[in-house]
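Comments concern the structure below.
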Ligand code: NI
């Protein structure tokens, strides 16, 4: 198992739509193990493969720190089948450090995908699980929380990054 590097905004890979997994081979299973390690090490509750530079539709989640009803799981080729309700939810992202923003989400989502064993799974997410599922599925579609906030907030974040970069260059 390995802890992988998490790509940070504005890395171009984070903007790409990831490809569907056509075969769950050893490489995909290894990727899931590595993503799990990487997510835990970073203290996250979810991670998408594109965040570690792999353009495949694979996500891992463990929202148990916020809702103990759920444990770790991985989903391959996840898809939102239906959704319900609307909510503003404050989110952060391992690829967008020091950014906590309210984004519009659906209250409940119904998601289908494959387990790492290739078994089709269906799950109904609500609460933090629904938020995390939408966040990670956004990632594999090339969408970041910054794409879901106002242009002004995006600009403020970009300027903050620029300032930090300048500081780093000076020191
Ligand atoms: Ni994220």
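Numbering (our numbering), first residue to last: 863 to 1033. Where is the CB? At the ideal position from N, CA and C, for every residue including glycine. This structure is a prediction, so every number in the text was calculated from the model and none was measured.
**Request:** To the nearest angstrom, report how far apart residue 871 and residue 992 are at their CA atoms.
**Result:** For this step, residue 871 is matched to residue 9 along the chain shown. For this step, residue 992 is matched to residue 130 along the chain shown. If you take the alpha carbons of residue 871 and residue 992, they lie about 24 Å apart.
**Prompt:** Is the stretch 1004 to 1022 touching the stretch 913 to 927 in the sense that three or more CB pairs, one from each, lie closer than 8 Å?
**Reply:** no
**Request:** Thinking residue 905 and residue 994 are a contact (beta carbons under 8 Å), I'd like their distance in whole angstroms, please.
**Result:** What you label residue 905 is simply residue 43 of the chain shown in a count that begins at 1. What you label residue 994 is simply residue 132 of the chain shown in a count that begins at 1. Wrong, their Cβ atoms sit about 14 Å apart, outside the cutoff.
**Request:** Assign residue 930 to buried or exposed, taking buried as 16 or more other Cβ atoms, counted over all protein chains shown, within 10 Å of its Cβ.
**Result:** Position 68 of the chain shown, counted from the start, is the residue given in the question as residue 930. Burial call: exposed.
**Prompt:** Under the three-state reduction of DSSP, which class applies to residue 972: helix, strand or coil?
**Reply:** Within the chain shown, the letter at position 110 stands for residue 972. DSSP places residue 972 in strand when its eight states are reduced to three.
**In DSSP terms, what residue 935 is bridged to** = On the chain shown, position 73 is the one that residue 935 refers to. According to DSSP, residue 935 bridges with 923.
**Asked** Using CA coordinates, which residue listed in 901, 878 and 887 is at the minimum distance from residue 864?
**Response** As a first step, residue 864 must be located in the chain shown, where it is residue number 2. Of 901, 878 and 887, the residue nearest in Cα terms is 901.
**Message:** How far does the alpha helix (DSSP H) with residue 1020 in it extend, from its first residue to its last?
**Reply:** Residue mapping note: residue 1020 aligns to position 158 of the chain shown, counting from 1. Element bounds for residue 1020: 1013 to 1032.
**Prompt:** In chain order, what residues of the same chain lie with their CB nearer than 8 Å to the CB of residue 911, ignoring the 5 residues before and after it?
**Reply:** The count along the chain shown starts at 1 and reaches residue 911 at position 49. Hits under 8 Å: 880, 893, 897, 917, 918, 919, 920, 921 and 1002.
**Three-way DSSP call (helix, strand, coil) for residue 865 in this model** = As a first step, residue 865 is located in the chain shown; it is residue number 3 there, counting from the start. DSSP places residue 865 in coil when its eight states are reduced to three.
**Message:** What does the alpha-carbon distance come out to for the pair residue 888 and residue 914?
**Reply:** For this step, residue 888 is matched to residue 26 along the chain shown. For this step, residue 914 is matched to residue 52 along the chain shown. Going by the C-alpha atoms only, they are around 17 Å apart.
**Neighbourhood of residue 838 by C-beta, 8 Å cutoff - its chain only, sequence neighbours within 5 removed** = Since the first and last residues shown for the chain are 863 and 1033, residue 838 lies out of range.
**Message:** Here's a check: name, in chain order, each residue in its chain whose Cβ is nearer than 7 Å to the Cβ of residue 883, leaving out the five neighbours to either side.
**Reply:** Position 21 of the chain shown, counted from the first residue, corresponds to residue 883. 890, 918, 919, 920, 938 and 939.
**Message:** Looking only at its chain, what residues have a beta carbon closer than 6 Å to the beta carbon of residue 956, apart from the 5 residues adjacent to it on each side?
**Reply:** Taking the chain shown and counting its residues from 1, one reaches residue 956 at position 94. Taken in chain order, the residues that qualify are 868, 904 and 906.
**Request:** In the DSSP assignment, find the beta strand (DSSP E) that holds residue 986 and state where it starts and stops.
**Result:** Position 124 of the chain shown, counted from the start, is the residue given in the question as residue 986. Here the beta strand (DSSP E) through residue 986 covers 982 to 988.
**Asked** If you compare alpha carbons, which of 935, 966, 949 and 1004 is closest to residue 873?
**Response** What you label residue 873 is simply residue 11 of the chain shown in a count that begins at 1. Ranking the options by Cα distance to residue 873, first place goes to 1004.
**Asked** How long is the line joining the alpha carbons of residue 947 and residue 960, rounded to whole angstroms?
**Response** Sequence index remark: in the chain shown, residue 947 carries index 85 (1-based). Sequence index remark: in the chain shown, residue 960 carries index 98 (1-based). So the alpha carbons of these two residues sit roughly 28 Å apart.
**Exposure label - residue 967; buried when at least 16 CB within 10 Å** = Taking the chain shown and counting its residues from 1, one reaches residue 967 at position 105. Under this definition residue 967 is a buried residue.
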